[in-house]
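Worksheet for the structure shown next.
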Amino acid sequence: MRRGFTASAMCARIAHMSPTTPHSLGARVRAARERRGMSQQDLATAVGLERTMVNRIEGGQRKVTALELASIADALGTRMQSFFTEPAPALVSHRSAQGLDTTESAVDHLLAELLADVEFLHGLHPIEGFGVRDPWEQPKSVHEADDMAARAREHVGYTATEPVKDLQAHLATAGLLLFSRNFGVDAADAGTVLLAEGGISLVNSTPKVGRRRLSAVHELGHYLLADEYTVDWRTAHTGPDIEGRLDRFARAFLLPAAVLLQEWPAAAHSGDVRTAAVKIAGTYLVDMSTLARRLHDLELVDASTANDIRAVQTTQTDIITHDLYPSDEMAGTTQPRVYQKHVIALFEAEKLSRERTLDLLDGTFDDDDLPDLPPRQEQEIWEYVS
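Heads up: take any position in the sequence shown, counting from 1, add 1, and you land on the working numbering.
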């Protein structure tokens with residue numbers, strides 16, 4: 002749940018935004034209401050207004066107070082800021098493609114909030130790693146997907162064969178901010194929005210860690226190809242289309258061919274397929290389904306053996322015996338370190354209020370986690386007001 006803002010904090014923020022007409026404000030309220038699948042009566046009931054008042058607000062025929070607008074934003078699950086700023090072009094294009102009658106999904110809503118936050122912060126001070134990048138060429142075959150994975154590993158700071166760890170930090174070096182939130186079992190796996198400089202990806206933290214990591218790398222593929230706006234409802238495509246090739250890219254990124262071609266034949270020759278699967282999956286932090294599919298991609302196992310690998314479950318004894326260290330990346334609500342550092346630096350520079358800072362950190366920090374800012378010296382105050 003987002004933290005609310007006091008009316009005074011909201012008014013202070015409105016004063017620094019570009020002028021908004023009653024008609025444009027009303028249109029944004031209406032668009033936000035429709036994306037949430039609410040009627041005017043639903044919204045009126047939620048905020049304690051008459052339906053005709055909501056109708057007049059949306060039509061630009063009635064002024065709205067800051068308190069009323071704060072209540073409307075809360076009822077629609079959005080920020081008041083969104084009523085005063087134009088959404089990014091990628092978001093506008095996506096919403097146009099969806100059509101007017103489509104209710105916004107959980108991931109769409111969360112991506113829109115993240116997009117507004119990141120653009121706001123980047124506007125205050127450039128975010129580290131952001132910049133204009135040329136799009137990569139789309140892979141036209143599985144071999145090109147493998148080549149793209151090798152190039153991408155180097156691009157974000159991994160060697161050709163090392164296990165992929167700390168994805169959020171590595172992807173940030175390429176300008177992609179990777180967030181995670183729990184938005185349910187029946188929701189999308191992930192989504193990505195391209196900004197003018199950089200991009201943001203949001204991974205659903207509900208699935209197990211192996212699927213979260215596969216989803217994150219799949220989104221990296223969309224980002225490198227400069228896809229404006231994507232939402233992936235499952236990352237297990239088997240077809241020859243670009244989604245299938247990006248899944249191949251993600252598997253190749255997490256499990257380089259050179260590793261498997263060297264390690265698997267000897268393990269298979271020994272006859273202990275289970276132990277080999279446990280050690281490789283545990284070292285390279287993938288689930289058994291991803292390992293089985295990658296081995297099949299490389300024609301190192303047949304369909305029957307791949308099915309046997311999918312059925313393997315790593316036990317605590319396996320973890321201790323083989324000295325494995327399981328990952329729990331992107332569990333719950335997580336944010337990239339570079340984003341959090343940026344928010345804290347702006348707070349310490351007094352460009353963000355304490356309340357706004359905690360809101361942007363989205364429950365990953367408590368009030369006590371933030372430092373107490375030193376009081377301004379008398380001379381600084383006079384310089385500020387003069």
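Ideal placement from N, C-alpha and C gives every residue a C-beta, glycine not left out.
### Query
How is the alpha helix (DSSP H) around residue 118 delimited, first residue to last?
107 to 125
### Message
Quick check on residue 192: does DSSP put it in helix, strand or coil?
### Response
strand
### Query
What do you get for residue 335, buried or exposed, if any count of 16 or more other CB atoms within 10 angstroms of its CB means buried?
buried
### Message
Below 8 Å on the Cβ atoms is my contact criterion, and I expect residue 338 with residue 170 to pass it. Report the Cβ-Cβ distance as a whole number of Å.
### Response
6 Å
### Query
Does the beta-carbon of residue 369 have 16 or more other beta-carbons within 10 angstroms, so that it is buried, or is it exposed?
exposed
### Message
My output table needs one value for residue 1: the three-state DSSP class, helix, strand or coil.
### Response
The requested residue 1 is not part of the displayed model; the chain covers only 2 to 387.
### Distance between residue 299 and residue 208 (C-alpha atoms, nearest Å)
For the pair residue 208 and residue 299, the Cα-to-Cα distance works out to about 26 Å.
### Query
Is residue 63 helix, strand or coil when you go by DSSP?
coil
### Task
Could you tell me whether the Cβ of residue 78 comes closer than 8 Å to any Cβ of chain B?
Any reference to chain B falls outside this structure, which holds one protein chain only.
### Query
Are the beta-carbon atoms of residue 139 and residue 226 separated by less than 8 Å?
It is a contact, given that the beta carbons lie within the stated cut-off.
### Query
beta strand (DSSP E) containing residue 147: first to last residue?
First-last for residue 147: 143 to 156, but that is the alpha helix (DSSP H), not the beta strand (DSSP E).
### residue 321 - containing alpha helix (DSSP H), residue span
317 to 322
### Message
Pull the bridge partners of residue 203 from the DSSP assignment, please.
### Response
Its beta-bridge partners are 180 and 192.
### Message
Can you tell me which residues form a DSSP beta bridge with residue 232?
### Response
Within the DSSP secondary-structure output, residue 232 pairs in a beta bridge with 192.
### Query
What does a CB cutoff of less than 6 Å around residue 224 pick up in its chain, not counting 5 residues either side in sequence?
177, 193 and 200
### Query
So residue 44 packs on residue 76, CB below 8 Å; how close in whole Å?
6 Å
### Task
Give the secondary structure of residue 365 by DSSP, where H, G and I count as helix, E and B as strand, and everything else as coil.
Coil.
### Message
Here's the rule: buried if 16 or more other CB atoms are within 10 angstroms of the residue's CB, otherwise exposed. What is residue 205?
### Response
buried
### Message
Count Cβ pairs between the segment 283 to 290 and the segment 303 to 313 that sit closer than 8 Å; are there 3 or more?
### Response
yes
### Task
Inspect the beta-carbon positions of residue 118 and residue 361 and report whether they are closer than 8 Å.
Going by C-beta atoms, residue 118 is nearer than 8 Å to residue 361.
### Task
Let me know if residue 263 comes out buried or exposed under the rule of 16 or more other beta-carbons within 10 Å of its beta-carbon.
exposed
### Message
If I measure Cβ to Cβ from residue 268 and keep anything under 6 Å in the same chain, skipping five residues before and after, which residues do I get?
### Response
277
### Query
Whose CA, out of 261, 112, 132 and 181, lies closest to the CA of residue 163?
Closest in C-alpha terms to residue 163, from the list 261, 112, 132 and 181, comes 261.
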